[in-house]
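In UniProt numbering, the protein residues as written are 1 to 159.
We put the beta carbon where it would ideally sit given N, CA and C, even for glycine.
Computed from a prediction, not measured in an experiment: that's the story for all the values here.
Scroll down for the structure; my scribbles are underneath it.
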Ligand code: MG
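Structure below.
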């Protein structure tokens, strides 16, 4: 009756791109690299949904050498994963996300990210959590070279 999936993603900071996380544009001097808009939150959530239904991962379903996805709004990946889950008779029950970044500070953006995720997953906002952590200056993420995201999504059988 329940399925659970986890997703992980990381993207390197690059110059000359807007920073988009959880569908929210955040004012920051650096954006995230990648073929699409680089939204590591939405990529991790997509993989969590796909993982819960035993589907191929985001890289297989939306190849990063496909020009169709260049600069793409990553919300479409979540929507597609949710649709695939729906075809198998499942809908989201809750979603829990941890963003690991030294900068920017995400506290003031978490509510907007929750709203976006809740809308994409068709959930009430209290069934979505977004937590922000630093990596205590350790390693590549700790040096501010990029952002990493972990996500867990629970699916339940749609009635
Ligand atoms: Mg990604």
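One or two residues paired with residue i in a DSSP bridge
i           : result
residue 7   : 151
residue 157 : 90
residue 30  : Note: residue 30 sits in no beta bridge, so no partner.
residue 146 : 12
residue 98  : 131, 150
Member of the options whose CA lies at the smallest distance from the CA of residue i
i           : options         : result
residue 124 : 115, 54, 5, 131 : 115
residue 121 : 134, 55, 48     : 48
residue 131 : 22, 141, 16, 66 : 22
residue 136 : 118, 101, 117   : 101
residue 99  : 70, 45, 80      : 45
residue 53  : 4, 27, 73, 20   : 4
residue 73  : 156, 35, 144    : 35
residue 6   : 26, 112, 57     : 57
residue 51  : 146, 17, 81     : 81
residue 108 : 27, 17, 59      : 27
Expected contact under 8 Å - CB spacing of residue i and residue j to nearest Å
i           : j           : result
residue 128 : residue 140 : About 28 Å; that fails the 8 Å criterion.
residue 19  : residue 31  : 5 Å
residue 85  : residue 91  : 7 Å
residue 112 : residue 24  : 5 Å
residue 2   : residue 134 : Not confirmed; about 32 Å, so no contact.
Any 3 or more C-beta pairs closer than 8 Å across the segment 134-154 and the segment 93-103: In the pairwise beta carbon analysis, the segment 134-154 is classified as touching the segment 93-103: at least three pairs are separated by under 8 Å.
Beta strand (DSSP E) runs contained entirely in the segment 11-86, provided each spans 3 or more residues: Taking only runs of at least 3 residues, the beta strand (DSSP E) segments lying wholly in the segment 11-86 are 19-21, 24-26.
The segment 4-18 contacting the segment 38-45, beta-carbon criterion three pairs below 8 Å: Cβ pair count under 8 Å is three or more, so yes.
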